[in-house]
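One structure is given below, encoded as structure tokens.
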Amino acid sequence: MIVTIDIGNSRIKWAGWRDGVIVARGSAVHAGGSLSDDFFHQLFAVPFASGSPDQSDSAGNMWSPSQIFAVCVADQDIRRALDLWIEQNWAVSIDYLQTQKHYKDIIHAYAEPSQHGADRWAALIAAQKMFPGAGLCVISAGTAITFDFIDKQGQHLGGYILPSFRTMHKALTADTANVISAAEVFRDDAGNNGEDNLSLPVNTNDAVNAGLHRLLRSGIRDICATGVNDRTDDAGWQIVITGGGAEEVLAYPDMPVMQHVPDLVMLGLYEVLNREDGAAG
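Sequential numbering from 403 applies to the sequence shown in our numbering.
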């Protein structure tokens with residue numbers, strides 16, 4: 403069994419692979435800092451697909467992966483806690499993907515690729531494999547919403563970063579004394595983001611939520627238009643979206659056509675892992 407792990411700023415996700423297919427998965431929200439053993443036991447205590455040879459044995463011992471490949475954009479305390487737990491429980495070390503100047507025919511635009519999140523790099527690798535010969539806009543919607551553009555020759559062109567709805571909402575309610583607390587006003591339902599409601603908000607709660615949604619909708623549309631529509635010399639552009647906030651973005655009205663690939667980062671990790679190590683899982 404091969405396991406890929408995506409350690410984000412607010413959530414850890416993993417996938418278990420057998421013969422190139424994801425047969426198990428799990429995720430958990432984290433609050434940062436050094437996570438407990440119980441957190442990791444619960445995170446990885448997900449039953450595998452029926453018939454998998456990696457299920458717990460008759461004594462109840464946990465399954466054990468043969469290889470683990472990960473990306474981490476969270477703080478180092480979380481990474482160290484995960485490394486320690488996996489070493490103690492599975493006696494396996496984690497190989498972490500690092501953003502590089504190139505992968506196959508993908509050429510990175512950054513002068514210092516290490517500044518570009520490894521999760522974004524994995525997503526680019528997977529998207530290009532899925533849509534060979536196409537120009538790409540790859541969107542990852544999480545704590546931040548990132549945009550990366552790559553032309554059909556594989557040249558990374560750069561991108562943008564926006565705060566997510568939740569990130570903006572938290573910042574506004576934390577720093578504005580007369581705006582009600584985030585726990586009381588937070589709404590990301592279709593009434594705010596899925597319908598182009600022209601009526602003006604008449605209370606603070608709705609004003610905050612509707613205003614932030616409109617700001618985000620406009621920003622996403624503008625970035626996609628600037629990055630894709632202006633490059634008329636590169637036909638066949640695909641917009642690919644992934645991340646925990648993808649469905650919220652897709653619910654906005656007047657969005658360009660997007661391909662939703664929830665496992666994009668996992669697919670990129672698995673692609674690199676198999677190329678570098680010749681893994682058969």
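Note that CB positions come from ideal geometry on N, CA and C, so glycine has one too.
Do you know how far the Cα of residue j is from the Cα of residue i?
i, j, result
"Asp-421", "Trp-523", "23 Å"
"Val-423", "Cys-539", "25 Å"
"Arg-427", "Val-610", "35 Å"
"Pro-658", "Gly-645", "17 Å"
"Gln-661", "Ile-643", "6 Å"
"Arg-623", "Asn-491", "46 Å"
"Leu-499", "Pro-515", "12 Å"
"Asp-630", "Gly-556", "One detail in the question is off: residue 630 reads as Val in this sequence, not Asp. Each residue's alpha carbon lies about 15 Å from the other."
"Met-532", "Ile-496", "26 Å"
"Ala-543", "Val-651", "8 Å"
"Trp-487", "Gly-519", "24 Å"
"Tyr-672", "Asn-605", "48 Å"
"Leu-437", "Ala-483", "6 Å"
"Glu-489", "Gly-613", "47 Å"
"Lys-554", "Ile-563", "22 Å"
"Asp-656", "Gly-621", "12 Å"
"Thr-575", "Asn-607", "10 Å"
"Asp-408", "Ile-480", "12 Å"
"His-504", "Ala-513", "12 Å"
"Val-674", "Ser-601", "49 Å"
"Cys-474", "Arg-677", "20 Å"
"Trp-419", "Ala-511", "31 Å"
If we count the other Cβ atoms within 10 Å of its Cβ and call it buried at 16 or more, is residue i buried or exposed?
i, result
"Lys-506", "exposed"
"Thr-548", "buried"
"Ala-447", "exposed"
"Arg-619", "buried"
"Ala-476", "buried"
"Ser-566", "buried"
"Ile-470", "buried"
"Tyr-654", "buried"
"Leu-445", "buried"
"Ala-648", "buried"
"Asp-440", "exposed"
"Gly-410", "buried"
"Thr-628", "exposed"
Assuming contact is defined by CB atoms lying nearer than 8 Å, are residue i and residue j in contact in what I supplied?
i, j, result
"Ile-527", "Gly-670", "yes"
"Asp-665", "Ala-417", "yes"
"Thr-545", "Ser-429", "no"
"Val-405", "Ala-525", "no"
"His-558", "Ile-509", "yes"
"Ser-468", "Met-570", "no"
"Gly-561", "Trp-639", "no"
"Gln-695", "Ile-552", "Any property of residue 695 remains undetermined from this structure, which presents the chain solely from 403 to 683."
"His-443", "Ile-414", "no"
How about residue i: is its C-beta nearer than 8 Å to some C-beta of chain B?
i, result
"Leu-618", "Protein chain content of the structure displayed is limited to a single chain, and chain B is not contained in it."
Can you tell me which of the three DSSP states residue i falls into?
i, result
"Asp-459", "Confidence is the limiting factor: at Asp-459 the pLDDT is only 41, short of 50, which leaves the residue's position unreliable, though a coordinate-based value still follows. Three-state DSSP puts Asp-459 in coil, outside helix and strand."
"Met-538", "The question names Met, but residue 538 is Leu in the sequence shown. Strand at Leu-538."
"Pro-515", "helix"
"Val-651", "helix"
"Lys-531", "helix"
"Asp-553", "coil"
"Val-667", "helix"
"Asp-497", "strand"
"Leu-574", "helix"
"Thr-545", "coil"
"Gly-560", "strand"
"Leu-675", "helix"
Which residues bound the beta strand (DSSP E) around residue i?
i, result
"Ala-503", "Position check: residue 503 holds Lys in this sequence, whereas Ala was assumed. No beta strand (DSSP E) contains Lys-503, which DSSP labels as neither H nor E."
"Asp-408", "404-409"
"Ala-430", "423-431"
"Ala-472", "469-474"
"Gly-418", "413-420"
Could you check where the alpha helix (DSSP H) with residue i kicks off and where it finishes?
i, result
"Gly-621", "606-626"
"His-443", "439-446"
"Trp-639", "Per DSSP, Trp-639 belongs to no alpha helix (DSSP H) and is neither H nor E."
"Leu-486", "478-492"
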